[in-house]
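As structure tokens, the structure follows; a few thoughts come after it.
Residue numbers (our numbering): 418 to 810.
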């Protein structure tokens, strides 16, 4: 009687081990077993204990299954609640976006995204004429992006942390100096400057005259002044006062190894040489140096290579002139001169001018020899109503 009873006890403990109420159940069974054994003897006590033990095990299993079902149901309800809350948040967010875009219907084709600038660019290019067509072609062009929290409270010094570790960034901006009439339809084809009369679709060019006046430029990050919310840039092609919507760091994956472009894009249209008369050079670096170096504070400091701000400003003008900043019509005149097989022409040299920082640059272009000569530098004429700096805030 004692050995079977001992085995029953061990088996009962094993079966009930880990059960939520195993200690309580086993305590009750031991008390019951002692009472039955005392009254009816060991054999009857073992048999009775076995029956009671089987019932207890069945009850424990049923309780486990019930608890498992309740736990699974609770998890399902939590999942459904979380999914429903997420869907409601997405729907509410979309409704808010549609309200901001002024959409009253369900179609997204007529949706208008309202964007606000995070800052404005200050550059030496105060007129459309005289602004580089590509920033990489004018590496000495300096500018500063002045950020503002006027529209977005998260435009803070902390938002600029880490940007100084990047060498370049993408600038998403508005072509705010466009002369496009919003009430008139834009042309489907345009004549790019390097095309010399060739007409291509505007989507196949980087023309500023676009359905949405948005531009994207790759610029060099020279320095970051988080305390002043300023990002100093190099190699820019942005007019003074350009609104900026976003600034994104450039990463190695932005490079394209197998880039393919049309023949007119690859055409080399650089001028052969840029020269300065002694008077023009003296006026730029000496007589009107304060106007150049003091403009927006862009060329007031020396660069990392020890070049003075004035020297960098002159290099910028040289780079700009080498790319022939004249109008499309005048560039066609240059092409005509080339096609004439360098035959003498009565008007092979023409005079032009454009503003740069605080001065006006006057230059002549020899369309036969493809030589630009800077002839004079004068203080910027405030009476010029086309200057962007007079209206930019």
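Think of the CB as a built atom: it goes at the ideal place given N, C-alpha and C, for glycine as much as any other residue.
- 689 is the residue among 539, 689 and 637 whose C-alpha sits nearest the C-alpha of residue 737.
- According to the DSSP secondary-structure assignment, residue 736 is paired through a beta bridge with no residue.
- When only Cα atoms are considered, residue 705 and residue 783 end up about 26 Å apart.
- Three or more Cβ pairs closer than 8 Å define a contact, and the region 770-778 falls short of that threshold against the region 670-688.
- C-alpha of residue 619 to C-alpha of residue 740: approximately 21 Å in a straight line.
- Between residue 792 and residue 694, the C-beta spacing is below 9 Å.
- In the three-state reduction of the DSSP assignment, residue 775 falls in the coil class.
- Taking a contact to require three or more Cβ pairs closer than 8 Å, the region 538-558 and the region 646-665 qualify as touching.
- Taking a cut-off of 8 Å on C-beta distances, the region 629-640 touches the region 591-606, as three or more cross pairs fall below it.
- Following the DSSP letters along the chain, one finds residue 683 inside the alpha helix (DSSP H) bounded by residues 680-683.
- The residue from 644, 572 and 499 with its alpha-carbon nearest to that of residue 664 is 572.
- Taking a cut-off of 8 Å on C-beta distances, the region 598-612 does not touch the region 528-541, as fewer than three cross pairs fall below it.
- In the displayed model, residue 474 falls within a helix according to three-state DSSP.
- Residue 484 is classed as exposed because its beta carbon has fewer than 16 other beta carbons within 10 Å across all chains shown.
- Contact between the region 542-549 and the region 635-642 is absent: fewer than three C-beta pairs spanning the two stretches fall below 8 Å.
- The distance from the Cβ of residue 716 to that of residue 559 is about 6 Å, consistent with a contact at the 8 Å cut-off.
- Residue 592 is not bridged by DSSP to any residue.
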